[in-house]
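Residue numbering for the sequence shown follows UniProt numbering, starting at 1 and increasing by one per position.
Right, one structure below, let's go through it.
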Amino acid sequence: MSRSVAGRWDAGIIAGTGSGGAVLHGEPARHVIDFPHEEFFGESTTGRPHPS
1 MSRSVAGRWD AGIIAGTGSG GAVLHGEPAR HVIDFPHEEF FGESTTGRPH
51 PS
């Protein structure tokens, strides 16, 4: 549990599998959930080539 507001994504709560996940951040009256995926950021660290 956090007692402070995560106004920016990099201060949010992170959950995921390594290739995909979610970040919860925002003000108490307006939560934001981002769903990043490795496909959007180039090659992963798994050694697999980036999907075309």
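Glycine included, every Cβ here is placed at the ideal spot set by N, Cα and C.
In this structure His-25 is in contact with Arg-8, their Cβ atoms being roughly 6 Å apart against a cut-off of 8 Å.
Annotation: Gly-18 to Pro-36 spans about 10 Å, alpha carbon to alpha carbon. For Ala-11, the secondary structure class from DSSP, reduced to helix, strand or coil, is helix. Distance from the CA of Gly-20 to the CA of Ile-14, rounded to the nearest whole angstrom, comes to 11 Å. The shortest CA-to-CA distance from Ala-22 to any of Ala-6, Asp-34 and Arg-3 is the one to Asp-34.
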